[in-house]
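Visitor:
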Amino acid sequence: MKINENMKASDSCKIQEKHGVMIAINDLTFAYSGHPPIFQGYSLHVDRGEALSIIGPSGCGKTTLLYLLAGLRRPQSGSIIIDHKPLSRPRPRSGLVLQDHGLLPWQTVRENARLGLTIWGFYGSDGRHTPADEHLGPNQADQRVDDWLKKLGIESLQNQYPLQLSRGQRQRTAIARTLAMKPDLLLMDEPFSALDAPAREDLQNFILTLHNESDLTYVIVTHDIEVAVAMGKKILVLQKGCNQEAQIMNNTGAGFTDCRMQDEFQRTCEDLRKLLGSMT
Amino acid sequence: MKRRLNIQAAFIGLLMFFGIWQVLAWIIHRPIMPSPVQVLPIFAVSLFGNLGVHLLASTARVLVAIGVAVITAVPIGLGLGQIPKVNRIFAPLIAIVYPIPKIVFLPVIYVLMGITDISKIFLIALIIFFQILVVVRDEAANLHPELILSVRSLGAGRRALFRYVYFPASLPAVLTALRVSVGTAIAVLFIAEQSLTTYGLGYYIVVETYQVLLYPEMYAGILAMSLLGLVLYFVINSLELKVNRYKTGDEN
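From first to last, the protein sequence lines are chains S and Y.
Each residue of the first sequence is one higher than the last, beginning at 0 in numbering that gives the first Met the number 0.
Each residue of the second sequence is one higher than the last, beginning at 0 in numbering that gives the first Met the number 0.
#1: How far does the alpha helix (DSSP H) with T119 (chain Y) in it extend, from its first residue to its last?
#2: Suppose only complete runs of 4+ residues qualify. What are the alpha helix (DSSP H) ranges in the segment 213-251 of chain Y, listed by chain order?
#3: Suppose you measure from the CA of I11 (chain Y) to the CA of I19 (chain Y); what does that come to, to the nearest Å?
#4: From S:A179, S:S52, S:Q106, pick the residue whose C-alpha is nearest to that of L164 (chain S); which is it?
#5: Could you give the distance in angstroms between the alpha-carbon of V218 (chain S) and the alpha-carbon of D270 (chain S)?
#6: Buried or exposed: where does V44 (chain Y) fall if 16 or more other Cβ atoms within 10 Å of its Cβ makes it buried?
#7: Does the beta-carbon distance from G228 (chain Y) to I190 (chain Y) come in below 8 Å?
#8: Compute the Euclidean distance between the alpha carbons of G156 (chain Y) and S124 (chain S), then round it to the nearest angstrom.
#9: What residue range does the beta strand (DSSP E) around V20 (chain S) cover?
#10: So which residues on chain Y does G328 (chain S) lean against when the C-beta distance must stay under 8 Å?
#11: Can you tell me whether V61 (chain Y) is buried or exposed? The criterion is at least 16 other CB atoms within 10 Å of its CB, across all chains shown.
#12: From the DSSP output, which residues share a beta bridge with I247 (chain S)?
#13: For the 8 Å Cβ check, are there 3 or more pairs between the segment 123-143 of chain Y and the segment 170-177 of chain Y?
#14: Which same chain residues end up closer than 6 Å to I247 (chain S) when comparing Cβ atoms and leaving out the 5 residues on each side of it in sequence?
#15: Quick one: which chain S residues come within Cβ less than 8 Å of A159 (chain Y)?
#16: Can you tell me which residues form a DSSP beta bridge with N242 (chain S)?
#17: Over what stretch of residues does the beta strand (DSSP E) that includes M180 (chain S) continue unbroken?
#18: Quick one: which residues of the segment 164-187 of chain S get their C-beta closer than 9 Å to a C-beta of chain Y? List them in chain order.
#19: CA-CA distance, P74 (chain S) and K84 (chain S)?
#20: Where DSSP assigns a beta bridge to V220 (chain S), which residues make up the other side?
#21: Excluding the 5 residues flanking Y203 (chain Y) on each side, which residues of the same chain have their C-beta closer than 6 Å to its C-beta?
#22: Could you tell me whether the Cβ of P167 (chain Y) comes closer than 8 Å to any Cβ of chain S?
#23: For the alpha helix (DSSP H) containing G66 (chain Y), list its first residue and its last residue.
#24: With distances taken Cα to Cα, identify the nearest neighbour of I99 (chain Y) among Y:S149, Y:G78, Y:I126, Y:V36.
#25: Does chain S have any CB closer than 8 Å to the CB of K101 (chain Y)?
#26: Using only alpha-carbon positions, find the residue among Y:I75, Y:L177, Y:L226 that is nearest to L238 (chain Y).
#27: DSSP puts L43 (chain S) in a beta bridge; with which residues?
#28: Can you list, in chain order, the residues of its chain with a C-beta nearer than 7 Å to that of I114 (chain Y)? Leave out the 5 residues immediately preceding and following it.
#29: Answer yes or no: does any C-beta atom of chain Y fall closer than 8 Å to that of Q15 (chain S)?
#30: Taking only beta carbons into account, state which residues of the segment 58-86 of chain S come closer than 9 Å to chain A, listed in chain order.
#31: Sorted by chain position, which residues of the same chain lie with C-beta nearer than 8 Å to F42 (chain Y)'s C-beta, five sequence neighbours on each side aside?
#32: Quick check: the Cα distance between K181 (chain S) and S93 (chain S), rounded to an integer number of angstroms?
#33: Only counting the same chain, and skipping five residues up and downstream in sequence, which positions put a Cβ closer than 7 Å to that of I108 (chain Y)?
#34: Can you grab the Cα-Cα spacing for the pair A112 (chain S) / A173 (chain S), in whole Å?
#35: Compile a chain-ordered list of the residues in the segment 194-218 of chain S whose CB is closer than 7 Å to at least one CB of chain Y.
#36: Does any residue of chain S have a CB that is nearer than 8 Å to the CB of K119 (chain Y)?
In structure tokens, the structure reads:
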């Protein structure tokens, strides 16, 4: 009996860890030098496996918050803890996808998609630049890149250069590059805003399916209300000026690839539009 | 200008070059303008003798100077381009020094560095240095910040950024700077080699042949110097086409 109890305890511990806190922002203050603070005493918790949209008017600090989460900016005070570890530099298991300009123009699609793993090979598994808990040989790296190129439907383009591609194909390459690193946290800054509608919906559905099949946590920054509602099970609303308290809107209808068809989707969009309107 | 030269075009170009030379030789009809028929055999023979040694000396000076200039100018240019604060301090100085024809410093360099090869190499390296410095700086400053951020997010620190972003990004600019400056460098070498040395094409053309009225041999020296410029130009040019192929989408 005792053994059984122990097993139960360890199982519940595992579950707790799986559904624990992925991102903990505590008492964050950040300002660009010579400007008033964008965040002051700001706190936010995001659970593991969560899908969070960040929306707000331009200049509200959406991208800044994402860069802070990526470890590319340092807060003036307060702490950012990701997966129980304080963040001081880009974290190997966090993936970042930007709107544009993220690919090296002189490398082919394949070389670009492999870049993260090439850098991994450059440093070895040192735990600082790259994950320490996994060793990766060149063949495994190639295999992983092949898999993601295939899943994203760009394997036939692998010898082309970014300038020869459409925006959607470029963004697929950037996503392949990030996913090849097996991230547990995916940070995206307006990843679909330069794309036409079909390409945008394709990629949105790709990310949603990936999220539903794994416990990938993602944060997506967008200025587009429909994208925010389609992608975020929680929607964080930022305001222009100084953000002191996190305003979160729950959106249980999100996260399904066909959610746009539902009435609830339209209602949530309307609510969010009103909320954003009331803040300006 | 189309910079890809095929064999047929090269052949036609050479034919025209020697044709015009031959016509000029007929028209001028003086010892200072010997015919290519007279010069080419001398060139072919002496290239494997005396002239070859002078050509090697000049080539070595140019190559060492290119190496020194690249090794010093690329890191400094990258640094200036990536750190705007430092660039703001040095930009006015570079703007003033950049257009000065560096050959005017020849006497100063001779006095300070002595009459060894080092002074000649230093002078040529100085010319190439400024050309590369300016283009690499501008190239590094124009890199999209998003590009740097996204590569940093993949785990790249300073070393990996240099290896995978800064260096390949500035390589085309380095080659362009070399292509446009190597002609000037060879011209300056020609002047610098006329004194205080006994090896080099400048010495061969002016002291060993021109001053003793060996005009056909002098033309062999001129051909050798042209060849040096030509080969360097086309080597740099083909490297340039290779590193720039992503812009045209040429997969070969």
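The beta-carbon is built from N, C-alpha and C at its ideal position, and this holds for glycine as well.
Guide: Let me spell this out:
#1: Before going on, a small fix: residue 119 (chain Y) reads as Lys here, not Thr. K119 (chain Y) -> alpha helix (DSSP H) spans 116-140.
#2: 214-242, 244-247
#3: 12 Å
#4: S:Q106
#5: 21 Å
#6: exposed
#7: no
#8: 14 Å
#9: 20-29
#10: Past the edges of chain S, shown from 0 to 279, lies residue 328 (chain S), and the structure says nothing about it.
#11: buried
#12: S:L235
#13: yes
#14: K233, L235
#15: I118, F121, Y122, H128
#16: S:F38
#17: Segment: none, M180 (chain S) is in no beta strand (DSSP E) and carries neither H nor E.
#18: A173, R176, T177, M180, L186
#19: 15 Å
#20: S:I53, S:D188
#21: H53, G220
#22: yes
#23: 49-81
#24: Y:I126
#25: no
#26: Y:L177
#27: S:I24
#28: L195
#29: In this prediction, Q15 (chain S) has a pLDDT of 42, which is less than 50 and means its spatial position is unreliable; what the coordinates show is noted afterwards. Chain Y, which has no Cβ nearer than 8 Å to the Cβ of Q15 (chain S), makes this no.
#30: Absence of chain A from the displayed structure is noted, the protein chains being S and Y.
#31: L50, Y218, A219, L222, A223
#32: 9 Å
#33: S118, F121, L122
#34: 7 Å
#35: none
#36: no
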